[in-house]
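Peer 1: Once you've had a glance at the structure underneath, I'll fire off some questions.
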Ligand SMILES: [Zn+2]
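In this note's numbering, the protein residues as written are 701 to 1129.
Take a look at the structure:
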């Protein structure tokens, strides 16, 4: 069940090892569709029928289309929010002393990865380097894809209990091995400098780095009928990809279509460019003003607006049936999952659900419903955070997947196209 939506998703995920790369790739695509970049520190002037985008800290992005005709009594924001980050291993600022002749560098655990899935995998490293050149702070993205690093697992002979429940210490057991150093081989800093590739810059000019180890194996189809997809960062680059594909597909009539993909969801969203920041709120108000509206108009528009918080969902796991509620069991390739939680860990309610169900009907696709067991607390998303801040009607949805937060996740190959269709239905209003 190969299809063009998944081929496009694979290209996006493989080219986006970090949020910086994801945003850079989206910028490239938006520019290709005649999108116009807006800067937060400049005045905005938006035309009708336009495509615009704005980024914050190169890791969160908001893109939107303005209506063909602006009538403030009809304007509303139709939004889809997702996230650009995924759990991984982040390089610590100062390198570790070498142990025997191994070259190593400590890592912080970013978000909540399934640590075991990071053992014995071929890892690459990518991210952002800041350096000082001619007394100015500069930055450049790097992605080292041709060299592979490892967090080697301890042999069974040295840990006979390993198969009874692996215990991993996040500080001591997860340090990647970068190479051997016997006679002054190239250091890791020299390698970074070589890949930074700026003339006249030395190791001492590198002021700081946001570098992340990540899975190196490209995405692939799986299963007898290619009914599955396997790959890293499906949570949540899949929903980010679906939202911007839909935005590019459809133009709004009298609404404003908008997508927002935030960094830092996996660590709680509290940062200057995370979903709990003023980024979305500020952009929404500025769009109203740039289209000639007042603050009164802005407040009225918010009341009429709708947000789909799109983040991957848990598919029913055949080997752990007791972990799921007995009847709320999302299946792969059976359509988007509406997530509900009575404690509002998901922002869904009956009104926002009904609106989504109607969109599914219009798009002629099926949908499913998820709620967790009362004795297993569920996760959360950017949905409740944004709806609390903006007071906008919000629903939480996502496509079913297995192995969430694994270095390599698994989902269905048909669900992605269906989600794009529902988002496109919303963005055509
Ligand atoms: Zn997620």
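The beta carbon of each residue, even a glycine, is placed where N, CA and C say it ideally should be.
Thinking C-alpha only, which one of 808, 836, 1053, 879 is nearest residue 852?
Peer 2: Among 808, 836, 1053, 879, the Cα nearest to that of residue 852 is on 879.
Peer 1: In the DSSP assignment, what are the bridge partners of residue 1100?
Peer 2: Answer by DSSP bridge pairing, in chain order: 1013.
Peer 1: Is residue 1115 close to ligand 1? I mean its beta-carbon at under 8 Å from any heavy atom of the ligand.
Peer 2: False, no ligand heavy atom lies under 8 Å from that Cβ.
Peer 1: According to DSSP, simplified to helix, strand and coil, what is residue 1028?
Peer 2: If DSSP states are grouped into helix, strand and coil, residue 1028 belongs with coil.
Peer 1: Buried or exposed: which applies to residue 890, given that a residue is buried once 16 or more other Cβ atoms fall within 10 Å of its Cβ?
Peer 2: So residue 890 ends up on the exposed side.
Peer 1: Which of the three DSSP states, helix, strand or coil, is assigned to residue 957?
Peer 2: Three-state DSSP puts residue 957 in a strand.
Peer 1: Among the residues of its own chain, which have a CB less than 7 Å from the CB of residue 1094, if the five just before and after it don't count?
Peer 2: If we look at residue 1094 and ignore the five residues flanking it on each side, its Cβ neighbours are 1007, 1009, 1047, 1052, 1083, 1086, 1087.
Peer 1: Just reading off the alpha helix (DSSP H) that residue 778 is part of, what are its end residues?
Peer 2: That residue, residue 778, is in no alpha helix (DSSP H); its beta strand (DSSP E) goes 777-783.
Peer 1: Sorry if obvious, but does the Cβ on residue 1012 come closer than 8 Å to a heavy atom of ligand 1?
Peer 2: Answer for residue 1012: yes, Cβ within range of ligand 1.
Peer 1: For the beta strand (DSSP E) that contains residue 830, what are its first and last residues?
Peer 2: Note, residue 830: beta strand (DSSP E), 823-833.
Peer 1: Relative to the C-alpha of residue 711, which residue among 930, 873, 783, 817 is closest?
Peer 2: Out of 930, 873, 783, 817, 930 has the C-alpha closest to the C-alpha of residue 711.
Peer 1: Which first and last residues belong to the beta strand (DSSP E) in which residue 914 is found?
Peer 2: Note, residue 914: beta strand (DSSP E), 906-915.
Peer 1: Any heavy atom of ligand 1 inside 8 Å of the beta-carbon of residue 936?
Peer 2: Yes.
Peer 1: Within the same chain, show all residues whose beta-carbon is closer than 6 Å to that of residue 1119, passing over the 5 residues directly before and after it, in chain order.
Peer 2: Answer for residue 1119: 942, 1036, 1099, listed in chain order.
Peer 1: Rounded to whole angstroms, what's the CA-CA distance from residue 769 to residue 722? Just pull it up for me.
Peer 2: Each residue's alpha carbon lies about 32 Å from the other.
Peer 1: Using only the alpha-carbon positions, how far apart do residue 986 and residue 744 sit?
Peer 2: Rounded to the nearest angstrom, the two C-alpha atoms are 7 Å apart.
Peer 1: Rounded C-beta distance between residue 938 and residue 1116? I'm assuming under 8 Å.
Peer 2: With 8 Å as the limit, residue 938 and residue 1116 qualify as a contact, their Cβ atoms being about 6 Å apart.
Peer 1: For residue 1044, which three-state DSSP category applies?
Peer 2: Looking at residue 1044 - three-state DSSP - the assignment turns out to be coil, as it is neither helix nor strand.
Peer 1: Excluding sequence positions up to five away, which residues of its chain have a Cβ less than 6 Å from the Cβ of residue 814?
Peer 2: Result list for residue 814: 1105, 1106, in chain order.
Peer 1: According to the Cβ coordinates, are residue 978 and residue 783 closer than 9 Å?
Peer 2: Against a cut-off of 9 Å, the Cβ pair of residue 783 and residue 978 comes out as no contact.
Peer 1: Taking residue 1089 as part of the alpha helix (DSSP H), name the residues at either end of that continuous run.
Peer 2: First-last of the alpha helix (DSSP H) with residue 1089: 1082-1090.
Peer 1: Restricting to Cα atoms, I'd like to know which of 751, 1017, 716 is closest to residue 959.
Peer 2: Out of 751, 1017, 716, 751 has the C-alpha closest to the C-alpha of residue 959.
Peer 1: Based on Cα-Cα distance, which residue from 804, 1063, 735, 1043 lies nearest to residue 795?
Peer 2: Looking at the Cα atoms, 804 is the closest of the given residues.
Peer 1: Between the segment 1063-1073 and the segment 773-792, can you find at least three pairs of beta-carbon atoms closer than 8 Å?
Peer 2: They do not touch, by the three-pair rule.
Peer 1: Taking only the alpha-carbon atoms, compute the straight-line gap between residue 893 and residue 1056 and give it to the nearest angstrom.
Peer 2: In a straight line, the C-alpha of residue 893 is about 49 Å away from that of residue 1056.
Peer 1: Given the structure, does residue 964 come close to ligand 1, in the sense that its CB is under 8 Å from one of the ligand's heavy atoms?
Peer 2: No - ligand 1 has no heavy atom lying nearer than 8 Å to the Cβ of residue 964.
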